[in-house]
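Worksheet: the structure to be examined is printed underneath.
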Amino acid sequence: MEIFLLKNIDNPESHRIQVYQQTGGYEQLKKALSMKPEDIIQEVKNSGLRGRGGAGFPTGMKWDFASRDPKLPKYLVCNADEGEPGTFKDRPILEKNPHLLIEGMVISAYALKAERGYIYLRGEYPHAKVVLEEAIREAYESGFLGQDILGSGFSFDLSVHQGAGAYICGEETALIDSLEGRRGQPRIKPPFPVNVGAWGMPTVVNNVETLSNLPLIIKIGAEEYKKIGNPECPGPKLYCVSGMVERPGVYELPMGTTLKEIIYEHCGGIKGGGQLKAVIPGGISTPVLTPDKIDVQMDFVSLPKVGSMLGSGAVMVFDESVCLVRVCWRAIRFFEHESCGKCTPCREGVGWMRTVLERIESGFGRKGDIELLQDIASNITGKTFCPLGDGAAGVVLNFIRNFPEEFDYHIQNKKCMVEA
Amino acid sequence: MIELTIDGKRIEAEKGMTILEVAKANNIYIPHLCWDRRLKPYGGCRLCLVEVEGQRKLMAACSTPADNGMVIHTDTPNLQKARRTVLELLLVHHPLDCPVCDKAGECRLQDLAYKYGPSESRFYAERKHDPEATSALIERNPNRCILCGRCVRVCWEHQGVGAINFIGRGFKTKISPAFEETLDCEFCGQCVDACPVGALGAKPYKYRARAWFLESHDSICPYCSVGCTLTLDLREGRILRVRGVDGKGVNDGDLCGKGRFGFDFIYGDTRLKTPLVRKAGELVESTWEETLYYVANRLRDIKRQYGADSIGAIGSARAGIEDNYMLKKFMKEVIGSDNIDTSARLGYAWVLRALNDTYGINQNPIKLDSPIGKEVVLVLESDLTSTHPIFGLKFLEAKNEGTYLMVADPRKTKLARRSSKWIRIKPASGTVFLLGLINYAIREGAHLREEKEIEGIDGLIESVKPYTPEKVSELIGVDTEQFIEAASRFVNAETRLIALTVGAAENQKGYETVLAAANLLMLLGEGPDSLQVPSDYSNTLGAWLSGTRPTEGGKDLYEMLYNPGSLKALYVMGEDPLVTMPDGNTVKKTLEELEFLVVQDIRLSETAKLADVVLPAAAWSEKEGTFINSQGIPQPFPKVVSPQGDSVPDWQILRNLARVMEHDLGITELGKLREELSRIQTDRGQQRWRFSPVEVPSVAQTTTDYPIIMVTGNIMQHSGALSVMSKSLSHVLSDAFVQISPEDAERFGVKDGEFIKISSPLGEVFIKARVSDEIPEGMLFVPVHFAHARVNYLVSHSRLGNAHPTPVKIESTSTATPRR
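Chain order of the listed sequences is A and B. Under my numbering, the first residue of the first sequence is numbered 1, with each subsequent residue one higher. Under my numbering, the first residue of the second sequence is numbered 1, with each subsequent residue one higher.
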């Protein structure tokens, strides 16, 4: 497969507009501006592109909803609040290939008739901010942003809005709250942002990677695009692999590449020839998999069949040297820290799970603690306001379900299995 | 209509209602903590979870719209388990200090814990140890907070203030003013009523009583003319607090700071407890018997010597209709004089006059929810959320529901801040603004839209000719484009409303303003319902309707107060003209030239200090009475506490005085009085439209000597005389001040907080300056009700009822200190 999203990535000047244009950059924008906006939306629908942020919602459908809403103005927001632990797939685009994102956003905005766009950038990506702002300046200078883009009559303004470091602001409604200058907390849905979003207007929030797919769809057309990877959810996909592998990093592969291929071929297998113990396929919120399931295809339809999700495509690999109770505790500590405080089960419950996990991990676990954890977790699942609490409870439930012996060992022996 | 099933019951509901609303309407109980009828659903507490058949997840009833065919279960073992867990989690950190918590006994968390909660918790945790935060009237105990956010949301969404918000994240979240500073807001106290637990409390009520010892009575607020229902909580014969209760009264649970905290004026230090008679130049305590005989003799003597027409009376916009009616009856039957009036003469009377001159009607009661659903609402130079706070809330609500709220005001009022469009006009240029709108409407051909021709159209067209958009925008001080945009919005709307206040305390609007507004609305085919001008005080309208005004050619307030020497004796009931009425010098001169001045009041007012006899009256809640609110609704209020000292209800004083003067007024008890009152016919009158062109609108003119315009008015915490007696309200604001713009402060060398000298041709006063960007350059704003400030001495009165803004000069009193 030809590399598209990470093209030029090895060129130190890849973030420059000259480099981008030398390799065909902004050509797709010219093509798109000659198309009718409705036709672009139809093309995206036909392509089967699904959102790369985690939920995998069909992008064309989202656009369709927004474009049917008669309210104006409309807003296009790029969700670059890449905060899911283990996820760093958007970062190379933001830092190395910003013009791909900008081109994708202008095309999308044209299709949606949005005249104002924002890149909501993760607070912890200060370098990306510098790069993006420079890229936006270059794009304005070259007439790809601003008034009357390339003489088409279409105008689009774009700016970077930097988050203040809250995981919850990756959730689209909390992101919009934050963008409006409020405290980032998820809003009640419905109404959905496509109808009532930023400042009450129709707003499309798409992930960096999703928007970066747009130039490719315009370039090769929906039919060709569908041939990449799994036809049910096609396209190139960025997998970011971390943990105990020889070559961790971001890999652009066709959607549906198997987990096994990613770990053992692209990443060179387990570090130091160790034994695989567990793998999280799509960021910390997605259920952990045991080694027997790594033949699964990494896409939106195959992973649910083995009880997990693609999420952001952040593969985290654990070998025999890793204590999974510790991993679980560390993950819950993250969720506790990031819980926004809006709803009771998440605010109070996640903190409690962390306390119980902490005592198990540090050798003070009591009999019945596992049942207690399961009870709290199951009373958080499905009862919180947004999926953050579900994610936290899911981590606990899945780790206990898949690796009960590790938890038991901790409680009985007051110490870690791995060190023994 | 949709149909759904809740707990096996088939229920019909309106589309758009949430499950919780449907359940509430059908008396099905679903527990909740963060839901509030007035606020947008929040979905935070997660107690209202219900099972919806076919849905994998439990749904939050407060934020899930009810849908056709839904089958809902509100009480299953699964739900009980979920609710128990939520309560268990809430109680993990909630301090169990119920024995010292004022909320105990009426705490929602306590109630729910009894209903669902396990008596033991599986968790043990360190509690929170945040210090209690205190402020003028509201105490916050962050440790008890369950983060339902009702206070935050009621403050921002409903009150339009936003004084508090969440700070921090997750478990460490807490509610606080910005940067954890001391709470400094308008102190409406809505957050206190909204708090389901004991995290927020009214400071005056702290540690005063256990909830279950309180006895409650509903009453009517004595402050503004909205006429909110107050729920008074008493213990041992003393009012300890006031609450707004959902579903009660015209306010439906909402209250402002005056209503909630201002009740303690009845316990003020300056209350009169015995009659006072001036002997050898000093007011000395006396008995009722001696005093009444003295008054009777003096009145008789004056009547004999100068005739009945030399005696006048001033009634009260704060006393009940019974009291005012009795005063009128006393004057008519005992004295034989028609010289009687109230402060309505200076404000509301002009409103009625203007309505009569245009729509041909005698009354125009407002409707509280009139702004709701209108396409455009124009609020003209009126701080409605301060003067009529609960009426003001309706404007915010309308705005939230999509109304285009246009505010034309030089001051950055709350409504201006929350408006769709704020037009910062020059002070007192509201009338000109309206004339500009009329001119614009005629240009747009609005007068041709209506089929029927209204009398006087030619005169109107002629009269507004000079007020072209260019001219008007220059006069009011805004861009022509901005004016045209606003005018077009207003003129071309489907439905519209103009709201303003006209009152004795205000000097930037008057008769002509209402006239212009009515002309404009008639031109656009709108009836009097589109013009909402509330009466000032709790019983301004009641005093008017009960006939407390000259009805047979007697002297009105102007003639009585601004014509020294025309009266020999004056009987003042519940009014303090020396403080609340303009042109204090003339008023003082008139009062000093009287041979006999009787003041009947609840406290020793400034006017009372000049009196020959001072009679102590029972205050609101110490007597029964009836107020007629600005909607025209008569609302009785009960007696719940004993009168202070020897004070007696106003109407009884007059009855007794009549008896001493050997006149039987035929009224022995309240029932009899009310029966007579009920016979008074008041009707709105037939509408008969005609245009009444505004002759010469006064635009505030400054001169080289008096280069800045002073506007007077009421503020949020104080209005008139009662509020300054309230200790609680004085905690928020106890001193007179003048607001000055930063530009003028710079220009005149005024520093924030220093005393400045303000002088007008009528006199000079010294007041503390507050530099504020709420005020534009070239304007001062001064609240009038602090007696010691004597602001009213600077303001001229206007017999034409016109706007009469006061040009003044200001001087810093501190000599410039050298910079170090």
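Where a beta carbon is used, it is the ideal one built from N, C-alpha and C, also for glycine.
Terminal residues of the beta strand (DSSP E) in which residue i lies
i	result
A/GLU352	It should be pointed out that residue 352 of chain A corresponds to Trp in this sequence rather than to Glu. Careful: A/TRP352 lies outside any beta strand (DSSP E), inside the alpha helix (DSSP H) at 350-361.
A/HIS337	Per DSSP, A/HIS337 belongs to no beta strand (DSSP E); it is in the alpha helix (DSSP H), 324-338.
B/VAL50	49-52
B/ASN519	It is not in any beta strand (DSSP E) - B/ASN519 instead sits in the alpha helix (DSSP H) that spans 511-523.
Three-state secondary structure (DSSP) of residue i
i	result
B/ALA816	Note that B/ALA816 has pLDDT 46, beneath the 50 cutoff, so the model's placement of it is unreliable and no number is given.
B/PHE596	strand
B/THR403	coil
B/ALA617	strand
A/GLU246	coil
B/ARG304	helix
B/THR182	coil
A/PHE403	coil
B/MET331	helix
A/TRP199	helix
B/PRO427	coil
B/LYS279	strand
B/PHE865	What the structure shows of chain B is the stretch from 1 to 820, and residue 865 of chain B is not part of that stretch, so it cannot be assessed.
B/ARG603	strand
B/SER760	strand
B/GLY162	coil
A/SER285	coil
A/THR290	coil
B/PRO636	strand
Cβ neighbours of residue i in the same chain (closer than 6 Å, five flanking residues each side left out)
i	result
B/TRP212	GLY105
B/ILE167	LYS174 and SER176
B/SER463	PRO693
A/ALA139	ILE102 and LEU145
Residues of its chain near residue i, where Cβ-Cβ distance is below 7 Å and the 5 sequence neighbours each way are ignored
i	result
A/PHE407	VAL325, ILE360, ILE370 and ILE400
B/PRO534	SER225, ILE366, HIS388, PHE391, THR501 and SER630
Beta-carbon proximity check, residue i vs residue j, cutoff 9 Å
i	j	result
A/ASN97	A/LEU5	yes
B/HIS73	B/ALA125	no
B/MET779	B/LYS426	yes
B/ILE708	B/PRO807	yes
B/ALA518	B/ALA344	no
B/ILE461	B/ALA516	no
A/LYS129	A/GLU209	no
B/THR5	B/PRO65	no
B/GLY574	B/ILE602	yes
B/GLN644	B/GLU622	yes
Closer than 9 Å to chain E by CB, residue i
i	result
A/ASN379	Structure shown: chain E not included; protein chains present are A and B.
For residue i, the first and last residue of its enclosing alpha helix (DSSP H)
i	result
A/ALA80	Note, A/ALA80: premise wrong, no alpha helix (DSSP H); beta strand (DSSP E) at 75-80.
B/ASN78	77-93
B/ALA486	480-491
Sequence-distant residues of the same chain with beta carbon closer than 8 Å to residue i, five excluded per side
i	result
B/LYS394	LEU368, ASP369, SER370, PRO371 and ILE372
B/PRO818	Because the pLDDT of B/PRO818 is 45, which lies under 50, any placement of that residue in the model is unreliable, and the number read from its coordinates should be weighed accordingly. Within the same chain, B/PRO818 has no close Cβ partners at all.
The ligand COA heavy atom lying under 8 Å from the CB of residue i
i	result
B/GLU575	Among the ligands in the structure shown, none appear at all, so the ligand COA cannot be discussed.
Between the segment 60-88 of chain B and chain A, which residues of the former have a C-beta closer than 8 Å to a C-beta of the latter? So the list reads ALA60, SER63, PRO65, LYS81, ALA82, THR85 and VAL86, given in the order they occur along the chain.
Interface positions of the segment 165-195 of chain B facing chain A (Cβ-Cβ less than 8 Å), listed along the chain: Residues of the segment 165-195 of chain B with a C-beta atom less than 8 Å from some C-beta of chain A are ASN165, PHE166, GLY168, ARG169, GLY170, PHE171, LYS172 and THR173, listed in chain order.
What are the residues of the segment 349-366 of chain A that lie near chain B, defined by any Cβ-Cβ distance shorter than 7 Å? Cβ contacts with chain B come from GLY349, GLY351 and TRP352.
By the 9 Å beta-carbon criterion, what residues does the segment 587-614 of chain B contribute toward chain A? In summary, no residue of the segment 587-614 of chain B has a CB separated from any CB of chain A by less than 9 Å.
Residues of the segment 122-136 of chain B whose Cβ lies closer than 8 Å to any Cβ of chain A, in chain order: Taking a C-beta cut-off of 8 Å against chain A, the contacting residues of the segment 122-136 of chain B are ARG122, PHE123 and ALA125, listed in chain order.
Would you list, in chain order, the members of the segment 383-395 of chain A that have their beta-carbon closer than 8 Å to a beta-carbon of chain B? Taken in chain order, the members of the segment 383-395 of chain A whose beta-carbon sits within less than 8 Å of a beta-carbon on chain B are LYS383, THR384 and PHE385.
Select from the segment 35-46 of chain B all residues with a C-beta closer than 9 Å to any C-beta belonging to chain A, and list them in chain order. The segment 35-46 of chain B vs chain A, Cβ under 9 Å: LYS40, PRO41, TYR42, GLY43, GLY44, CYS45 and ARG46.
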